[in-house]
Amino acid sequence: MTGAVKVAVTRRLPEQVEKRLAALFETTLYEDDKPLSREALIERAQDVDVLAATLGDKLDAAFFDAVGDRLKLVANFGAGVDHIDVAAANARDITVTNTPSVLAEDAADMAMALILAVPRRLVEGVAALREGKFEGWSPTWMLGRRVRGKKLGIIGLGRVGEAIARRARAFGLSIHYHNRKPINPHIEEQLDATYWESLDQMLAHVDIVSVNCPHTPATFHLLSRRRLELMQPHAHLVNISRGEIVDEAALAELIETGRLAGAGLDVYERGGPNEKLLSLSNVVLLPHMASATVESRLEMGERVIINIKMFADGHKPPDRVILGLDSEA
Ligand code: DGY
């Protein structure tokens with residue numbers, strides 16, 4: 560590219576990342592930490608070469624029509640791109656990049672924490688203590704279920720799924736997974752993982768289900784009421800990917816009626832959890848924080864900068880989102 564590359568940012572980013580962006584490019588930062596309104600987002604993306612966007616910015620076909628033709632790159636801060644119509648962007652010659660690999664380990668830690676927290680009643684225990692309900696050790700109080708020896712079924716064994724599987728094996732879980740295709744046989748062997756072509760059959764077989772596929776039109780409510788009902792009553796579900804993949808109302812109802820043992824969720828269909836989920840004791844609910852470590856957010860920012868720099872130097876940015884390939888949420 561000739562001339563200074565103009566970049567607009569849509570949210571507050573870690574200070575170090577903002578400083579580097581400002582030093583390298585002609586950058587418009589955003590002082591506030593609230594998602595921009597549609598109008599403000601369009602205004603911000605007009606007359607810039609690059610939009611450093613993130614989750615919460617709805618970048619659909621109408622948005623790309625409205626911003627004019629200077630915009631050439633959307634460098635997303637985050638792995639999931641379900642808020643961006645990538646096909647519409649590409650049709651207008653706009654490249655979309657994301658930050659796929661740098662958050663996998665931190666996200667996997669959080670999934671593992673939820674895998675442990677639900678059957679071991681971790682949050683219930685903390686609450687009981689705080690509420691003054693602890694009257695000393697008892698042989699029969701606060702009994703959970705053992706994790707070791709259980710079967711973990713991972714839906715979407717990509718980077719994050721694999722990082723979860725490695726942790727889970729250390730906790731004595733056996734690994735099962737459902738993908739469109741089996742993974743590399745070498746990794747499958749390392750993980751001693753069992754591939755299930757049929758998601759329905761895997762759901763009926765495992766004790767814990769971890770959702771790790773991206774949210775796309777094809778995975779919306781992949782875990783429908785019918786599929787959730789295939790799970791065993793002692794089983795629980797963990798989701799750190801996107802809320803839209805699970806029918807949340809059905810999930811809450813099945814847990815409430817004892818048809819499912821519980822859930823650990825970091826993501827929700829509509830921003831936050833529904834009322835019923837909030838009222839249940841055997842669910843652990845987090846506010847979309849699986850990748851929220853200082854290290855992860857700095858590395859995500861670094862990937863955004865690398866993608867913009869490569870693009871500015873006339874090369875293909877390394878983290879291009881290629882349609883048809885699953886990019887992880
Ligand atoms: C992502 O990267 O898409 C996460 O959900 C936000 O950290």
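Quick note, the numbering used here runs 559 ahead of the 1-based positions in the sequence shown. Cβ coordinates follow ideal geometry from the N, Cα and C atoms, glycine included.
How about Gly712 and Met669: are their beta carbons less than 8 angstroms apart? Taking the first residue of the sequence shown as 1, we reach residue 712 at position 153. Taking the first residue of the sequence shown as 1, we reach residue 669 at position 110. It is not a contact, given that the beta carbons lie outside the stated cut-off.
For the alpha helix (DSSP H) containing Ala670, list its first residue and its last residue. As a position in the sequence shown, residue 670 is number 111, starting the count at 1. Here the alpha helix (DSSP H) through Ala670 covers 663-676.
I'd like to know whether the C-beta atoms of Leu819 and Leu839 end up nearer to each other than 8 angstroms. If you number the sequence shown from 1, residue 819 lands on position 260. If you number the sequence shown from 1, residue 839 lands on position 280. Against a cut-off of 8 angstroms, the Cβ pair of Leu839 and Leu819 comes out as no contact.
Would you decide whether Ile734 is buried or exposed? Buried here means 16 or more other CB atoms lie within 10 Å of its CB. Looking up residue 734 in the sequence shown gives position 175. Under this definition Ile734 is a buried residue.
Using only CA atoms, which one of Asp806, His793, Glu828, Asn798 lies nearest to Gly817? Translated into the one-based positions of the sequence shown, residue 817 becomes position 258. Ranking Asp806, His793, Glu828, Asn798 by Cα distance to Gly817 puts His793 first.
Can you name the residues that DSSP bridges to Arg829? Here residue 829 refers to the residue found at position 270 of the sequence shown. Paired residues: Gly831.
If you count every other CB in all the chains shown that lies within 10 Å of the CB of His795, and 16 or more means buried, which is it? Translated into positions along the sequence shown, residue 795 becomes position 236. That one is buried.
So does Ala612 have its beta carbon nearer than 7 angstroms to some heavy atom of the ligand DGY? Here residue 612 refers to the residue found at position 53 when the sequence shown is read from its first residue. Ala612: no, Cβ never under 7 angstroms from the ligand DGY.
So, with DSSP's three-state summary, where would you put Leu844? Within the sequence shown, residue 844 is the residue found at index 285, counting from 1. Correct three-state label for Leu844: strand.
With DSSP run on the structure shown, which of helix, strand or coil describes Leu610? Within the sequence shown, numbered from 1, the residue matching residue 610 stands at position 51. Three-state DSSP puts Leu610 in a strand.
Helix, strand or coil for Ala809 per DSSP? In the sequence shown, the residue the question calls residue 809 occupies position 250. Three-state DSSP puts Ala809 in a helix.
Pull up the distance between the alpha-carbon of Pro773 and that of Arg862, whole angstroms please. Residue numbering aside, residue 773 sits at position 214 when the sequence shown is read from its first letter. Residue numbering aside, residue 862 sits at position 303 when the sequence shown is read from its first letter. Taking the straight line from one Cα to the other gives about 20 angstroms.
Using 8 angstroms as the threshold, is the C-beta distance between Leu580 and Ala612 below it? Working through the sequence shown from its first residue, we reach residue 580 at position 21. Working through the sequence shown from its first residue, we reach residue 612 at position 53. Going by C-beta atoms, Leu580 is not nearer than 8 angstroms to Ala612.
Grab me the residues of Asp619's own chain with a C-beta within less than 7 angstroms of its C-beta, minus the 5 sequence neighbours each way, in chain order. If you number the sequence shown from 1, residue 619 lands on position 60. Cβ within range, chain order: Asp644, Ala647.
Can you tell me which of the three DSSP states Leu914 falls into? Outside the modelled stretch of the chain, which goes from 560 to 888, sits residue 914, for which no answer is possible.
Answer yes or no: do Ala904 and Glu664 have a C-beta to C-beta separation smaller than 8 angstroms? The structure shown does not extend to residue 904, since the chain is modelled only from 560 through 888, so no value can be given for it.
Contacting residues, own chain, Cβ-Cβ under 6 angstroms from Leu595 (five flanking each side not counted): As a first step, residue 595 is located in the sequence shown; it is residue number 36 there, counting from the start. Cβ within range, chain order: Thr569.
Cβ-based neighbour list, Phe693, same chain, cut-off 8 angstroms, excluding 5 preceding and 5 following: For this step, residue 693 is matched to residue 134 along the sequence shown. Here the set comprises Ala687.
Out of Glu815, Tyr589, Asp759, Gln791, state which residue places its alpha-carbon closest to the alpha-carbon of Leu782. Numbered from 1 along the sequence shown, position 223 holds the residue referred to as residue 782. Cα-wise, what sits closest to Leu782 is Asp759.
For the segment 726-740 and the segment 670-687, state whether three or more C-beta atom pairs, one from each stretch, are separated by less than 8 angstroms. yes
Using the Cβ count rule (16 or more neighbours within 10 Å means buried), how would you classify Pro832? What you label residue 832 is simply residue 273 of the sequence shown in a count that begins at 1. Pro832 should be labelled buried.
What's the call for Ile799, buried or exposed, on a 16-neighbour Cβ count within 10 Å? Start at 1 with the first residue of the sequence shown, and residue 799 comes out as number 240. Ile799 should be labelled buried.
Other residues of its chain near Val607: CB distance less than 8 angstroms, five sequence neighbours each side excluded: As a first step, residue 607 is located in the sequence shown; it is residue number 48 there, counting from the start. Hits under 8 angstroms: Lys565, Val566, Ala567, Thr587, Arg629, Leu630.
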